[in-house]
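J.:
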Amino acid sequence: MVGLFRALGACLLLSPALAAAQINMPRGVTPVSQEIYGLHMYVIWIVAGIMAVVYGVIIFSLIRHRKSKGAVAAKFSKNNLLEIVWTVVPLIIITAIAVPSIRVLINMDDYDAADLTVKITGHQWKWQYQYLDHGIGFFSSLATPMAEVLGVEDKDEWYLLEVDEPLVLPTDRKVRFVVTSNDVIHSWWVPELGIKRDAVPGYMYEAWARIQQPGIYRGQCAELCGVNHGYMPIVVKAVSPQAFEQWVAERAKAPPLAETPKDWTLTTVMKRGAALYDQNCAACHGYDGNGMPPTFPALRDSSIATSTDVNRHIDLVMHGVPNTAMQAYAPQLDDEELAAIITYERNAWEHDTGDLVLPAQIQARRK
Amino acid sequence: MANGATAAAVPQSVPKRMIAFIVRWTTATNHKDIGTLYLCTALLNLFLGGTLALCIRAELFIPGLQFVEPNFFNTLTTMHGLIMLFGFIMPVAVGFANWLIPMMIGAPDMALPRLNNMSFWLLPTATIMLVSTLFMDGGAPNFGWTMYAPLSTTYGPPSTDYMIFAVHMLGISSIMGSINIITTIATMRAPGMTWMKLPVFVWTWLVTAFLLIGIMPVLAGAVTMMLFDRNFGTAFFDAAGGGDPLLFQHIFWFFGHPEVYVLALPAFGIISQIIPTFSRKPLFGYRTMVMATILIGFLSYIVWAHHMFTSGMPYGAQLYFMLATMLIAVPTGMKVFNWITTMFRGSISFETPMLFAIAFVFMFTFAGCTGVMLAVAPADFQYHDSYFVVAHFHYVLVNGLTFAFLAGAYYWYPKFWGRMYNERLGKIHFWLSTISVNVLFFPQHFLGLAGMPRRIPDYALQFVDFNFISSIGAFVFGFSQLIFVYNMISSRHRGAPASDQVWEGAEGLEWTLSSPPPHHSFQTPPRVD
Numbered sequence: 003m004v005g006l007f008r009a010l011g012a013c014l015l016l017s018p019a020l021a022a023a024q025i026n027m028p029r030g031v032t033p034v035s036q037e038i039y040g041l042h043m044y045v046i047w048i049v050a051g052i053m054a055v056v057y058g059v060i061i062f063s064l065i066r067h068r069k070s071k072g073a074v075a076a077k078f079s080k081n082n083l084l085e086i087v088w089t090v091v092p093l094i095i096i097t098a099i100a101v102p103s104i105r106v107l108i109n110m111d112d113y114d115a116a117d118l119t120v121k122i123t124g125h126q127w128k129w130q131y132q133y134l135d136h137g138i139g140f141f142s143s144l145a146t147p148m149a150e151v152l153g154v155e156d157k158d159e160w161y162l163l164e165v166d167e168p169l170v171l172p173t174d175r176k177v178r179f180v181v182t183s184n185d186v187i188h189s190w191w192v193p194e195l196g197i198k199r200d201a202v203p204g205y206m207y208e209a210w211a212r213i214q215q216p217g218i219y220r221g222q223c224a225e226l227c228g229v230n231h232g233y234m235p236i237v238v239k240a241v242s243p244q245a246f247e248q249w250v251a252e253r254a255k256a257p258p259l260a261e262t263p264k265d266w267t268l269t270t271v272m273k274r275g276a277a278l279y280d281q282n283c284a285a286c287h288g289y290d291g292n293g294m295p296p297t298f299p300a301l302r303d304s305s306i307a308t309s310t311d312v313n314r315h316i317d318l319v320m321h322g323v324p325n326t327a328m329q330a331y332a333p334q335l336d337d338e339e340l341a342a343i344i345t346y347e348r349n350a351w352e353h354d355t356g357d358l359v360l361p362a363q364i365q366a367r368r369k
Numbered sequence: 003m004a005n006g007a008t009a010a011a012v013p014q015s016v017p018k019r020m021i022a023f024i025v026r027w028t029t030a031t032n033h034k035d036i037g038t039l040y041l042c043t044a045l046l047n048l049f050l051g052g053t054l055a056l057c058i059r060a061e062l063f064i065p066g067l068q069f070v071e072p073n074f075f076n077t078l079t080t081m082h083g084l085i086m087l088f089g090f091i092m093p094v095a096v097g098f099a100n101w102l103i104p105m106m107i108g109a110p111d112m113a114l115p116r117l118n119n120m121s122f123w124l125l126p127t128a129t130i131m132l133v134s135t136l137f138m139d140g141g142a143p144n145f146g147w148t149m150y151a152p153l154s155t156t157y158g159p160p161s162t163d164y165m166i167f168a169v170h171m172l173g174i175s176s177i178m179g180s181i182n183i184i185t186t187i188a189t190m191r192a193p194g195m196t197w198m199k200l201p202v203f204v205w206t207w208l209v210t211a212f213l214l215i216g217i218m219p220v221l222a223g224a225v226t227m228m229l230f231d232r233n234f235g236t237a238f239f240d241a242a243g244g245g246d247p248l249l250f251q252h253i254f255w256f257f258g259h260p261e262v263y264v265l266a267l268p269a270f271g272i273i274s275q276i277i278p279t280f281s282r283k284p285l286f287g288y289r290t291m292v293m294a295t296i297l298i299g300f301l302s303y304i305v306w307a308h309h310m311f312t313s314g315m316p317y318g319a320q321l322y323f324m325l326a327t328m329l330i331a332v333p334t335g336m337k338v339f340n341w342i343t344t345m346f347r348g349s350i351s352f353e354t355p356m357l358f359a360i361a362f363v364f365m366f367t368f369a370g371c372t373g374v375m376l377a378v379a380p381a382d383f384q385y386h387d388s389y390f391v392v393a394h395f396h397y398v399l400v401n402g403l404t405f406a407f408l409a410g411a412y413y414w415y416p417k418f419w420g421r422m423y424n425e426r427l428g429k430i431h432f433w434l435s436t437i438s439v440n441v442l443f444f445p446q447h448f449l450g451l452a453g454m455p456r457r458i459p460d461y462a463l464q465f466v467d468f469n470f471i472s473s474i475g476a477f478v479f480g481f482s483q484l485i486f487v488y489n490m491i492s493s494r495h496r497g498a499p500a501s502d503q504v505w506e507g508a509e510g511l512e513w514t515l516s517s518p519p520p521h522h523s524f525q526t527p528p529r530v531d
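Residue numbers (my numbering), protein chains in the order written: chain A, 3 to 369; chain B, 3 to 531.
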């Protein structure tokens with residue numbers, strides 16, 4: 003079957019790159035992914051055998067028993083023995099497939115004795131990772147610039163599969179994942195780890211991995227989760243246990259909350275705010291602030307972004323609007339980032355309110 | 003009406019004739035008229051859904067965003083799915099049922115002709131309502147045809163409520179149609195037409211009708227709960243309110259899996275009529291075919307959660323749904339083996355319907371094999387929601403079922419209209435379609451295995467080559483279907499007159515009628531021995 007796939011791939015040779023294009027499931031770097039791969043190949047060979055027999059008989063009949071060759075139709079229309087055979091044989095085949103499948107399923111379900119636990123929370127459209135044993139947590143979102151998506155700039159090698167901050171994991175340790183969601187259903191899929199788990203709000207869904215070799219493993223959200231479903235990649239960086247400990251130690255030294263930076267002026271903040279807005283807000287509210295009403299309201303000329311009540315604007319961004327797509331950003335972004343975004347929204351698109359929001363104002367309104 | 007002399011004989015002005023035309027078709031109760039209405043509606047929807055599919059493939063031709071916004075892309079995949087399932091495949095099967103069941107069992111019409119009229123007219127009404135959402139503020143539904151909550155409830159666009167009502171109407175239409183079909187088969191068989199003499203097509207539709215009556219109310223329940231969650235403050239599917247998002251998936255797939263067989267069984271029936279005709283040999287194992295149909299119908303009710311292996315089910319549930327799903331391979335395998343044995347030692351000829359039927363057996367078997375792969379729960383953790391699944395179900399629905407319905411269209415065309423279609427154009431259509439549909443969907447298996455998720459408007463660079471090939475196949479396949487339409491329309495008047503039996507090996511009551519059959523056939527029931 004694989005040979006057949008390869009042959010067909012070669013026939014369709016279109017560009018030199020095609021020869022390198024992947025046509026099969028990756029073997030992966032965890033025991034589970036390798037067992038899945040083994041099962042996958044085993045079943046492929048079985049169904050290839052079935053197809054060979056079925057197609058063989060059809061092609062034989064089509065060649066030998068054609069009217070134009072003077073074939074005269076036989077009259078038989080039943081044969082009990084034959085029918086029993088082709089009921090029993092498939093039953094044997096599916097038993098042969100089911101038995102090893104059950105073994106793999108049991109192994110996949112073994113979440114005990116994990117060395118560390120990572121909680122994965124899906125958000126529209128980014129992933130949040132929390133190392134429950136280390137008190138570390140962060141968000142990980144797409145790092146590909148919009149200009150590459152729109153074709154203004156050349157696409158990078160890892161177009162759409164690169165993030166601002168990867169999930170760092172140790173090799174040779176049993177990592178347990180608990181997957182959930184903050185809004186709609188997402189699905190955390192990294193083929194090389196052999197893990198796909200739907201992130202369902204209100205549920206905690208477990209998975210585990212023992213990564214065998216250091217490297218960078220990439221995946222994507224697999225369950226349709228709204229507008230930017232195609233733009234929430236996953237990057238896992240597997241490092242040696244020592245390197246991981248080192249990373250944890252560095253990460254735990256959280257930078258002290260800064261005073262208002264010296265260069266907190268409208269010009270610099272607007273620039274920073276624009277970049278953050280594009281990354282966090284533009285998916286729904288549009289790069290031009292026009293949104294997609296009525297689900298995603300326009301910010302341009304909106305009462306919230308233009309009124310004198312700055313705190314109302316700050317609260318809305320920080321705490322979201324329940325039962326709508328507007329999520330709470332207070333846990334996702336730090337004070338400076340929020341201040342920059344809100345400043346941007348209050349001055350972009352000819353709003354020109356002149357408001358410069360300070361990080362301290364954000365801190366004061368954190369609950 | 004320039005020529006007054008001929009017009010005088012039938013004194014009708016153009017508007018009057020138009021009114022007469024509209025009245026004739028809107029008030030039609032004849033099973034043949036309603037069958038034609040269903041088939042024409044299905045064809046229109048095929049092109050509508052196909053146009054949306056070509057928009058999808060155009061966007062996926064190369065990476066990056068070229069033609070559509072991500073939100074509109076989601077709308078395209080949603081509407082493509084809904085229109086193809088509810089607007090094309092279901093109606094085309096009902097169209098064949100309306101035309102053929104009365105003629106095959108020797109009945110003068112369907113049992114409930116007025117109900118039949120209403121079942122049909124709900125369909126275009128609902129379809130128009132569904133399509134109208136494309137022009138609404140906030141856009142059409144954009145959460146996939148599976149309408150998973152909470153994306154469709156809390157986060158769905160306002161037009162979702164229109165979609166919900168459209169689904170309700172389609173459900174009512176299907177339920178009424180099914181009642182009609184069951185009543186007709188149960189009560190209107192000609193003398194001597196015993197249950198075990200019914201053509202296999204009639205049997206498959208009988209089981210299909212029971213499936214529809216079982217599942218459509220469940221879908222109606224699911225979308226009603228959606229409606230309440232959206233508008234009346236309930237929390238059936240909202241975890242924050244004590245509800246359960248997975249409940250929606252269970253209810254939806256309790257409808258959704260039997261739905262697959264609702265679509266597939268009539269196609270199996272058509273193939274079971276065509277293969278014996280062109281093999282000039284009776285269908286092998288009629289009794290097994292009937293048993294397998296009933297068994298498939300039953301099993302289809304108890305395997306739904308194999309669509310949810312990655313949603314988070316307890317280990318025991320995964321095990322059960324894996325094993326039950328694998329069991330379906332047995333009756334489905336029986337059917338394929340019976341078709342093949344019917345061809346074996348036959349006297350086969352290769353007219354267009356037979357070509358499509360053979361292609362169906364080839365490609366449907368392939369789809370069945372990837373189906374067995376998908377049933378393997380651990381491996382499904384890699385396949386699920388990837389392009390491998392997209393390839394699998396398009397092999398079922400397009401390479402499989404659509405080919406079967408095209409086979410049926412060519413097979414009965416001469417009987418319905420009394421004229422032969424153009425065989426040469428039919429063969430060109432066949433070869434173009436068969437090659438292009440494989441160029442379209444085969445590479446998608448590779449994409450899925452390599453890790454491309456479904457329903458994304460843009461993709462990483464490792465997926466470039468196969469998406470490119472797939473899109474080329476899509477456009478060739480799409481435009482090839484125009485040959486079919488041209489053939490059907492032009493042969494209506496220009497085709498050679500067809501004999502009553504049409505095909506040398508054709509057997510069954512419908513071939514004893516004239517071609518085309520009288521508007522009211524079998525006014526006196528035939529005797530079947």
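Where a beta carbon is used, it is the ideal one built from N, C-alpha and C, also for glycine.
Which whole-angstrom value describes the C-beta separation of G314 of chain B and V391 of chain B, a residue pair presumed to lie in contact below a C-beta threshold of 8 Å?
T.: With 8 Å as the limit, G314 of chain B and V391 of chain B do not qualify as a contact, their Cβ atoms being about 18 Å apart.
J.: In chain A, what lies closer than 8 Å to M375 of chain B by C-beta?
T.: Residues of chain A passing the Cβ test: H42, V45, I46, V49.
J.: Who are the neighbours of T89 of chain A on chain B, taking C-beta pairs under 7 Å?
T.: Per Cβ cutoff of 7 Å: V332, M336.
J.: With a cut-off of 8 Å on the beta carbons, I'd call S202 of chain B and Y288 of chain B a contact; round off their distance for me.
T.: The residue you asked about is not Ser; residue 202 of chain B is Val in the sequence shown. Sure, about 7 Å apart at Cβ, within 8 Å.
J.: What runs of the beta strand (DSSP E), each 3 residues or longer, lie entirely inside the segment 138-188 of chain A?
T.: 138-142, 169-172, 176-183
J.: I'd like to know if the segment 91-102 of chain A and the segment 121-130 of chain B are in contact, where contact means that at least 3 CB-CB pairs between them fall below 8 Å.
T.: no
J.: Check Y133 of chain A in the structure and name its three-state DSSP category.
T.: In the three-state reduction of the DSSP assignment, Y133 of chain A falls in the strand class.
J.: Give the straight-line distance between the Cα atoms of A260 of chain A and E247 of chain A, rounded to the nearest whole angstrom.
T.: Residue confidence for A260 of chain A is low, a pLDDT of 49 falling below 50, so the modelled location carries little weight; the figure read from the coordinates is stated next. When rounded, the distance between both Cα atoms is 26 Å.
J.: Mind the definition here: the segment 482-500 of chain B touches the segment 455-468 of chain B only if three or more C-beta pairs lie below 8 Å; say whether that holds.
T.: no
J.: Can you tell me which of A:N292, A:D357, A:D185 puts its alpha carbon nearest to the alpha carbon of A330 of chain A?
T.: A:D185
J.: List the endpoints of the continuous beta strand (DSSP E) containing R212 of chain A.
T.: That run of the beta strand (DSSP E) goes 207-212.
J.: For a contact meaning CB atoms closer than 8 Å, what does F383 of chain B contact in chain A?
T.: Residues of chain A passing the Cβ test: I38, M110, G196, I197, K198.
J.: Could you compute how far the alpha carbon of P193 of chain B sits from the alpha carbon of E512 of chain B?
T.: 15 Å
J.: With a 10 Å radius around its C-beta and 16 neighbouring C-beta atoms as the bar for buried, classify Y39 of chain A as buried or exposed.
T.: Under this definition Y39 of chain A is a buried residue.
J.: Is it the case that the Cβ atoms of V374 of chain B and N401 of chain B are separated by a distance below 9 Å?
T.: no
J.: Out of A:R348, A:P324, A:M320, which one is the CA nearest neighbour of I364 of chain A?
T.: A:M320
J.: Less than 9 Å between the C-beta atoms of F212 of chain B and G299 of chain B, yes or no?
T.: yes
J.: If you drop the 5 nearest sequence neighbours on each side, which residues of the same chain put their C-beta closer than 7 Å to that of E194 of chain A?
T.: P28, G30, V31, S35, Y219
J.: Nearest chain A C-beta to R26 of chain B closer than 9 Å, yes or no?
T.: no
J.: Strictly under 9 Å for the Cβ-Cβ distance: is E252 of chain A near chain B by that measure?
T.: Not one chain B Cβ lies under 9 Å of E252 of chain A.
J.: Mind pulling the alpha helix (DSSP H) runs of 4 or more residues that sit fully within the segment 377-463 of chain B?
T.: List check, alpha helix (DSSP H) in window: 379-385, 389-396, 405-419, 425-452.
J.: Given that M294 of chain A touches chain B, what residues does it touch there, using C-beta distances under 8 Å?
T.: N73, G140, G141
J.: Under 8 Å between beta-carbons, which chain B residues line up against K255 of chain A? List them in chain order, please.
T.: Under the 8 Å cutoff, chain B gives no residues; its nearest Cβ is about 34 Å from K255 of chain A.
J.: Answer with buried or exposed for W205 of chain B, where buried requires no fewer than 16 other C-beta atoms within 10 angstroms of its C-beta.
T.: buried
J.: What do you get for I86 of chain A, buried or exposed, if any count of 16 or more other CB atoms within 10 angstroms of its CB means buried?
T.: exposed
J.: Output, in chain order, the set of chain B residues within a Cβ distance shorter than 8 Å of M328 of chain A.
T.: In chain order: nothing, as chain B lies at least about 11 Å away.
J.: How should S309 of chain A be labelled, buried or exposed, when 16 other C-beta atoms within 10 angstroms of its C-beta is the threshold for buried?
T.: Per the 10 Å Cβ criterion, exposed.
J.: Could you compute how far the alpha carbon of F145 of chain B sits from the alpha carbon of L226 of chain A?
T.: For F145 of chain B and L226 of chain A, the gap between their C-alpha atoms comes out near 7 Å.
J.: Let me check understanding here. Comparing Cα to Cα, which of A:A366, A:S242, A:I52 lies closest to L171 of chain A?
T.: A:S242
J.: Can you name the residues that DSSP bridges to I197 of chain A?
T.: A:V192, per the DSSP bridge assignment.
J.: Tell me, please, which residues DSSP counts as bridged to M294 of chain A.
T.: M294 of chain A pairs with A:F298.
J.: Identify which residue in A:L64, A:S70, A:S103 has its Cα closest to the Cα of A381 of chain B.
T.: Checking every option, the nearest Cα to that of A381 of chain B belongs to A:S103.
J.: From L318 of chain A to D231 of chain B, what does the alpha carbon distance come to, in whole angstroms?
T.: 24 Å
J.: Would the beta-carbon of H386 of chain B fall within 9 Å of that of N32 of chain B?
T.: no
J.: Taking F254 of chain B as the reference, give the member of B:P268, B:V169, B:I181 with the closest Cα.
T.: B:V169
J.: H125 of chain A by DSSP, collapsed to three states: which one?
T.: strand
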